[in-house]
Amino acid sequence: VEGAMQADAKIRTESATESGPRGPSCSLRHFACEQNLLSRPDGSASFLQGDTSVLAGVYGPAEVKVSKEIFNKATLEVILRPKIGLPGVAEKSRERLIRNTCEAVVLGTLHPRTSITVVLQVVSDAGSLLACCLNAACMALVDAGVPMRALFCGVTCALNADGTLVLDPTAKQEKEARAVLTLALDSVERKLLMSTTKGLYSDAELQQCLAAAQAASQHVFRFYRESLQRRYSKS
Amino acid sequence: GVYWVDSQQKRYVPVKGDHVIGIVTAKSGDIFKVDVGGSEPASLSYLAFEGATKRNRPNVQVGDLIYGQFVVANKDMEPEMVCIDSCGRASGMGVIGQDGLLFKVTLGLIRKLLAPDCEILQEVGKLYPLEIVFGMNGRIWVKAKTIQQTLILANILEACEHMTADQRKQIFSRLAES
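Protein sequence lines correspond, in order, to chains A and B.
Going by full-length UniProt numbering, the letters in the first sequence line up with residues 1 to 235, in that order.
Going by full-length UniProt numbering, the letters in the second sequence line up with residues 1 to 178, in that order.
This is the structure in structure tokens:
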């Protein structure tokens, strides 16, 4: 008798092309998300953005070692495994960023002295990796039923030398850009949860990127909602 | 307005009053440590069995299956379970017998199977004579006359999650014929 059921949700947003600069209007790559695809973790999700793909698994609330337990809230751990090679310093720093975002959102006080572990595996990296990791982590946390005060999403912006803004850049666009900003936004008031930036930019450009990311996050949250509706309407 | 929110989860969080199946992992002094699938093992006192006294200890070994209910279960304290109800009677709780098979399913499936008007259980009962115990922590223990029948029943219950009612009826009719 057949095993796993896969809730597949593919929504086509405006698809990006490799050639030429895009306008500042919202043009994110094609999204896809699949939940509950792994049998061992309590929750799992796979998130695709264009050619970037990340698989996330969540375990929790589970046992925690006495050395790591916090008396009044859950201990959140994030493990990020790159596609090839051993995890290095870049992975450690991304893990910390993802952990800080999740800690701001997860209601840890409901499960003190437990651990919630998010394990992320990079399946393919074609630009905007951190944003894809954040989206996959959010979908996996929802699949596991971990209580959260809001959903969150990651959006990457790249600023070119001529000042144009590109959302959800590919790896080539990221390399050629003057500055790359990754922002994590929450779903309730589109507030900023986490930002990490690399490169040279002015504060007016930062505000412009923030506004563009907030507009783009509308699309991502609508995609989350439709994906979940599709999954739960099947049962 | 009161809302009932149903969710689909695999990880159990102890709730007071829930009946669960636990596995005894340790015996330390007067209490047993029982793994119930939550973040902490629950504690079970040796006196919390029907007819147990300090002289008459219950026969519980490490690795035994226990069906009991939680008397203390909140986020701040270690969960405690007992195998007697408030009147001191066992009412089906205690050590689960020899043989049989314990397997894990999602919490939503257990709630569906334990609903008062569940057809699945009636159909399964007509198929083979069986003993079955449902734990709200996602664990089911099943025992039929032969090992093959036990495995068939376990597979059917695990698959019930993903099948529609028609597919299920097809499978049952095929099994009833053979």
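Using N, Cα and C, we set each Cβ at its ideal position, and we do this for glycine too.
Residue i at chain B interface by Cβ criterion, 9 Å
i      : result
R113/A : yes
E63/A  : yes
Y224/A : no
Y201/A : no
R230/A : no
P24/A  : With a pLDDT of 45 at P24/A, under the threshold of 50, the modelled position of this residue cannot be trusted; read the value that follows with caution. Judged by the 9 Å Cβ criterion, P24/A is not in contact with chain B.
S233/A : no
Contact set between residue i and chain A, taken where Cβ atoms lie within less than 7 Å
i     : result
K75/B : L110, H111 and P112
Minimum Cβ-Cβ distance from residue i to chain A less than 9 Å
i      : result
S7/B   : yes
E177/B : no
R11/B  : yes
Local conformation of residue i per DSSP, three classes
i             : result
Y224/A        : helix
T156/A        : strand
F70/B         : strand
residue 238/A : Here chain A covers residues 1 to 235 and nothing more, so residue 238/A does not appear.
D186/A        : strand
E78/B         : coil
D35/B         : strand
G94/B         : strand
E40/B         : coil
F71/A         : coil
F172/B        : helix
S128/A        : coil
Q61/B         : coil
T146/B        : coil
K54/B         : coil
E161/B        : coil
R11/B         : coil
K27/B         : strand
S45/B         : strand
Cross-chain neighbours of residue i in chain A, by beta carbon under 9 Å
i      : result
R111/B : Under the 9 Å cutoff, chain A gives no residues; its nearest Cβ is about 13 Å from R111/B.
Proximal residues of chain B, C-beta to C-beta of residue i below 7 Å
i     : result
G60/A : R11
What are the residues in the region 31–56 of chain A lying within 7 Å of chain B by C-beta distance? Listed by position, the residues of the region 31–56 of chain A near chain B (Cβ gap below 7 Å) are D42.
Using a Cβ-Cβ cut-off of less than 8 Å, give me the residues of the region 143–161 of chain A that come near chain B, in sequence order. Flagged, chain order: A144 and G145.
Contact residues within the region 19–47 of chain B, judged by C-beta distance below 9 Å to chain A: Those would be G38, S39, E40 and P41, in chain order.
For the region 81–93 of chain A and the region 57–71 of chain A, state whether three or more C-beta atom pairs, one from each stretch, are separated by less than 8 Å. Segments in contact, no.
Are at least three pairs of beta-carbons, each pair with one atom in the region 184–198 of chain A and one in the region 208–222 of chain A, less than 8 Å apart? Flag = yes, the region 184–198 of chain A and the region 208–222 of chain A touch.
Would you call the region 157–174 of chain A and the region 123–136 of chain A in contact, with 3 or more CB pairs under 8 Å? A contact is defined here as three or more CB-CB pairs under 8 Å, and the region 157–174 of chain A meets this definition with respect to the region 123–136 of chain A.
Taking contact to mean 3 or more Cβ pairs, one atom from each stretch, closer than 8 Å, check whether the region 103–111 of chain B and the region 127–142 of chain B are in contact. At 8 Å Cβ cutoff, the stretches touch.
Give a yes or no on contact between the region 148–159 of chain B and the region 20–34 of chain B, applying the rule of three or more CB pairs nearer than 8 Å. No, because fewer than three Cβ pairs between the region 148–159 of chain B and the region 20–34 of chain B fall closer than 8 Å, the two stretches do not touch.
So, does the region 64–79 of chain B touch the region 158–168 of chain B, judging by three or more C-beta pairs under 8 Å? Below 8 Å, too few C-beta pairs join the region 64–79 of chain B and the region 158–168 of chain B to call them touching: fewer than three.
Assess, as a yes-or-no matter, whether the region 131–145 of chain A is touched by the region 47–62 of chain B under the definition of 3 or more beta carbon pairs within less than 8 Å. At 8 Å Cβ cutoff, the stretches do not touch.
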